[in-house]
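Peer 1:
In the working numbering, the protein residues as written are 853 to 962.
(1) The alpha helix (DSSP H) spanning residue 911 covers which residue range?
(2) Please classify residue 928 as buried or exposed, where buried requires at least 16 other C-beta atoms within 10 Å of its C-beta.
(3) Tell me the rounded alpha-carbon separation between residue 907 and residue 891.
(4) Report the rounded CA-to-CA distance for residue 869 versus residue 863, giving the unit in angstroms.
(5) Mind the definition here: the region 877-884 touches the region 913-928 only if three or more C-beta pairs lie below 8 Å; say whether that holds.
(6) With the cut-off set at 8 Å, would you say residue 912 and residue 944 are in Cβ contact?
(7) Helix, strand or coil: which one does DSSP assign to residue 930?
(8) For the alpha helix (DSSP H) that residue 936 lies in, which residues bound it at each end?
(9) Provide the residue span of the alpha helix (DSSP H) that contains residue 863, from first to last.
(10) I'd like the span of the alpha helix (DSSP H) that includes residue 899, first residue to last.
(11) Can you say whether residue 917 is buried or exposed, counting buried as having 16 or more other CB atoms within 10 angstroms of its CB?
In C-alpha cells:
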C-alpha cells in the first residue's frame, strides 16, 4: 500500500466536514494564531527587559529562582509561564507586569 502524506489525509477528512465544523476550525485556528503571537511577544519583551538590565539568562535565573532553560523557552516563545514565574522574573528585573493594547490606533481623537 503506498504511503500518503498528512496533508492529503487531512484534506480528504476536511472535505467531509459540515459548514459549522469549518467555521469552528477557522475560529480555533485564529485563536491559536493569536496565542502563539502573544507567546512570541512575551518572549521578546522578556528578552528585551533582560538585556536592558544587562543580565544574561544564567544571571536572571540566579536572581529570579527560575531555571535558565525555562527562561530560554519563554524568550523563544515556547514557554507557557505561570503567573508566579512571570512575577518572579519581573521582580528580578525590577519591572512590573502590565497590560497594553495589542494594536495602536493611528488616528487621533480630537
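Idealized CB from N, CA, C, for every residue including glycine.
Peer 2: Quick answer:
(1) Following the DSSP letters along the chain, one finds residue 911 inside the alpha helix (DSSP H) bounded by residues 909-916.
(2) Exposed.
(3) The alpha-carbon separation between residue 907 and residue 891 amounts to approximately 21 Å.
(4) 10 Å
(5) no
(6) yes
(7) Residue state for residue 930 is assigned as coil, using DSSP reduced to three classes.
(8) 935-944
(9) 858-866
(10) 871-904
(11) exposed
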